[in-house]
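Asker: After the structure tokens below, expect a handful of questions from me.
Numbering (full-length UniProt numbering), first residue to last: 1 to 445.
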């Protein structure tokens, strides 16, 4: 399971002289004790503080690699504290512990504190460990990137100073530079993949509350493929993938009784409350520049083609194409899960529903492209695939599907290449849980 030991080993390799230092800040001693018990056995040095003021003193005196702070604390709250950490120690990743009901304060922490992620309380031990490991790996990758960029600049300067007559030396230096740039590009790709994996994990955490595991990934993949079927840019396709993964982020603050009801069974007051979630979803992503476009699509996911949708009442071409695509795919997924009309529909029945409301709810051109996508064989899997038992996994095998636990928790994303250490972790996890599960890999990988 890549989430724990592998990521920690990568970070430790870059900081062999000491353990990663984690600082946990919470005014509840029992919370700090629980976090200390969880992380010390994983090879971390754990520091704790019962107030923001005490934590600032520790940061001035000790080298700290990661700060995890509770939101609600007397005196200075978590958002204010993390904003100070960002200002004084911007290189230290910051994670916020918060409750589902604290959406406004969480948005403030994202804006002012530039947090890496927030973790809902009560947390799942594996999820918070994954989040901490991901934050440390991201920081290490950023360090590596800066170091490699500095190295590249230095080598470029040296290359300019070489005598033009020393052709052999120039060729050797050029090859060395090429290898450095290649390594830098690989590090950048790894960083992007890590961020995308974290998006999938966060999407999965959102879905654990509603019980519709994998919904975000399905919406994102279908929306991405519809955009390509319509001849749209790779950029829009990627924005739709992100918007699909996070399309329910604005529902974090909604009461459970609203989430448990199909849309057509909500009372008028409940519908008014529900109708705010697209705007809240956009607001949650607004501080992250790279996700602003996806946030705009999330805002438009319930805009109907006839102008009777929400939150802005846009109609026809006024709705961005990405919003029209997301609207249709989100409704299709809701029909399959029973969250739109109160009962579950099969795919063909769901398509009939979409056709019935073409030109009223849905853009006919988008619906035509969507039907063409559904008619294709599963283009998400390139080449043949096979199911492999855990005992028969081998290093170098490439995942053809997302690897999830029997409960639906994402472990590794599709197209990930397995290592020996990850295979051992997956097998240990299955043994501990007492649940074996097959893994789908590409044939011949």
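Even glycine gets a Cβ: it sits at the ideal position worked out from N, Cα and C.
Let's test the definition: count the other Cβ atoms within 10 Å of the Cβ of residue 95 and tell me whether it reaches 16, buried, or not, exposed.
Answerer: In the chain shown, the residue the question calls residue 95 occupies position 95. Under this definition residue 95 is a buried residue.
Asker: For residue 241, collect the residues of the same chain with a Cβ closer than 8 Å to its Cβ; drop the 5 residues on either side in sequence, then sort them by chain order.
Answerer: Position 241 of the chain shown, counted from the start, is the residue given in the question as residue 241. Within the same chain, residue 241 has close Cβ partners 220, 221, 223, 224.
Asker: Can you tell me where the beta strand (DSSP E) holding residue 45 begins and where it ends?
Answerer: Along the chain shown, one-based indexing puts residue 45 at 45. Where residue 45 is concerned, the enclosing beta strand (DSSP E) stretches over 45-49.
Asker: Taking 8 Å as the cut-off, does the region 235-253 touch the region 288-295 (at least 3 CB pairs, one atom from each stretch)?
Answerer: As far as the Cβ criterion goes, the region 288-295 touches the region 235-253, which means the pair count is three or higher.
Asker: Am I right that residue 69 and residue 78 are in contact with their C-beta atoms under 8 Å? What's the rounded C-beta distance?
Answerer: Indexing the chain shown from 1 puts residue 69 at position 69. Indexing the chain shown from 1 puts residue 78 at position 78. Yes, residue 69 and residue 78 are in contact; Cβ-Cβ is about 4 Å, under 8 Å.
Asker: Report yes if the CB atom of residue 274 is closer than 9 Å to the CB atom of residue 361, and no otherwise.
Answerer: Taking the first residue of the chain shown as position 1, residue 274 is located at position 274. Taking the first residue of the chain shown as position 1, residue 361 is located at position 361. Not a contact, by the Cβ cut-off of 9 Å.
Asker: Counting only runs that start and end within the region 366-435, where is the alpha helix (DSSP H) found for 4 or more residues in a row?
Answerer: Here the runs fully enclosed are 420-433.
Asker: Output the distance between the C-alpha atoms of residue 16 and residue 132, rounded to the nearest integer angstrom.
Answerer: Taking the chain shown and counting its residues from 1, the one referred to as residue 16 is at position 16. Taking the chain shown and counting its residues from 1, the one referred to as residue 132 is at position 132. Note that residue 16 scores a pLDDT of 47, beneath 50, so its modelled location is shaky and nothing firm can be said.
Asker: Express the C-alpha separation of residue 44 and residue 84 in angstroms, rounding to a whole number.
Answerer: Sequence index remark: in the chain shown, residue 84 carries index 84 (1-based). Sequence index remark: in the chain shown, residue 44 carries index 44 (1-based). Spanning the two alpha carbons is a distance of roughly 24 Å.
Asker: If we call anything under 9 Å between Cβ atoms a contact, is residue 98 one with residue 120?
Answerer: As a first step, residue 98 must be located in the chain shown, where it is residue number 98. As a first step, residue 120 must be located in the chain shown, where it is residue number 120. Yes. Within cutoff.
Asker: Evaluate residue 166 with the Cβ neighbour count: other Cβ atoms within 10 Å of its Cβ, from every protein chain shown; 16 or more gives buried, anything less gives exposed.
Answerer: Here residue 166 refers to the residue found at position 166 when the chain shown is read from its first residue. Residue 166 should be labelled exposed.
Asker: Sort 73, 232, 59 by Cα distance to residue 86 and report the nearest one.
Answerer: Within the chain shown, residue 86 is the residue found at index 86, counting from 1. Per the Cα distances, 59.
Asker: According to DSSP, simplified to helix, strand and coil, what is residue 284?
Answerer: By one-based count along the chain shown, residue 284 stands at place 284. The answer is helix: DSSP assigns residue 284 an H, G or I state.
Asker: Go ahead and label residue 48 buried or exposed: buried means 16 or more other beta carbons lie within 10 angstroms of its beta carbon, across all protein chains shown.
Answerer: Position 48 of the chain shown, counting from 1, holds the residue named residue 48. It counts as buried.
Asker: Apart from the five residues just before and just after residue 29, which ones in its own chain have a Cβ nearer than 8 Å to its Cβ?
Answerer: Numbered from 1 along the chain shown, position 29 holds the residue referred to as residue 29. Cβ within range, chain order: 50.
Asker: Beta-carbon within less than 7 Å of residue 373's beta-carbon, same chain only, minus the 5 sequence neighbours each way: which residues are those?
Answerer: Sequence index remark: in the chain shown, residue 373 carries index 373 (1-based). Same-chain partners within the cutoff: 222, 225, 226, 229.
Asker: Kindly identify the DSSP beta-bridge partner or partners of residue 166.
Answerer: As a first step, residue 166 is located in the chain shown; it is residue number 166 there, counting from the start. Residue 166 is not bridged to any residue.
Asker: Using three-state DSSP, classify residue 70 as helix, strand or coil.
Answerer: Residue mapping note: residue 70 aligns to position 70 of the chain shown, counting from 1. Looking at residue 70 - three-state DSSP - the assignment turns out to be strand.
Asker: Quick test of your reading: residue 255 and residue 338, contact by CB under 8 Å. State the CB separation rounded to the nearest angstrom.
Answerer: Locating residue 255 in the chain shown gives position 255, counting from the first residue. Locating residue 338 in the chain shown gives position 338, counting from the first residue. Rounded, the Cβ-Cβ distance is 19 Å, inconsistent with contact.
Asker: Expressed to the nearest angstrom, what Euclidean distance is found between the alpha-carbon atoms of residue 513 and residue 278?
Answerer: Any answer about residue 513 is impossible in this case: the structure gives the chain only from 1 up to 445.
Asker: Who are the Cβ neighbours of residue 9 in its own chain at under 7 Å, not counting the five residues just before and after it?
Answerer: Here residue 9 refers to the residue found at position 9 of the chain shown. Bear in mind that a pLDDT of 45 at residue 9, under 50, signals an unreliable position, so the number given afterwards is only what the model happens to contain. Here the set comprises nothing.
Asker: On the CB-based measure, 16 or more other CB atoms within 10 Å of its CB, does residue 269 come out buried or exposed?
Answerer: Taking the first residue of the chain shown as 1, we reach residue 269 at position 269. Counting Cβ neighbours within 10 Å, residue 269 comes out exposed, since fewer than 16 surround it.
Asker: Flag this pair as yes or no: are the beta carbons of residue 316 and residue 301 separated by less than 9 Å?
Answerer: For the purposes of this step, residue 316 is taken as the residue at position 316 of the chain shown. For the purposes of this step, residue 301 is taken as the residue at position 301 of the chain shown. Taking 9 Å as the Cβ cut-off, residue 316 and residue 301 do not qualify as a contacting pair.
Asker: Please list, in chain order, all residues of the same chain as residue 381 whose beta carbon is under 6 Å from its beta carbon, the five residues on each side excluded.
Answerer: Counted from its first residue, the chain shown places residue 381 at position 381. Any reading at residue 381 must be qualified, since the residue scores a pLDDT of 38, below 50, and its modelled position is unreliable; no value is offered.
Asker: Rounded to the nearest angstrom, what separates residue 389 and residue 376 at their Cα positions?
Answerer: As a working mapping, residue 389 is identified with position 389 in the chain shown. As a working mapping, residue 376 is identified with position 376 in the chain shown. Distance between the alpha carbons of residue 389 and residue 376: 29 Å.
Asker: Determine the direct distance from the alpha carbon of residue 33 to that of residue 239, and round the result to whole angstroms.
Answerer: Translated into positions along the chain shown, residue 239 becomes position 239. Translated into positions along the chain shown, residue 33 becomes position 33. Approximately 41 Å, taken between the alpha carbons.
Asker: By DSSP, does residue 260 sit in helix, in strand, or in coil?
Answerer: What you label residue 260 is simply residue 260 of the chain shown in a count that begins at 1. Three-state DSSP puts residue 260 in coil, outside helix and strand.
Asker: I'd like to know whether the C-beta atoms of residue 146 and residue 117 end up nearer to each other than 9 Å.
Answerer: Position 146 of the chain shown, counted from the start, is the residue given in the question as residue 146. Position 117 of the chain shown, counted from the start, is the residue given in the question as residue 117. Taking 9 Å as the Cβ cut-off, residue 146 and residue 117 do not qualify as a contacting pair.
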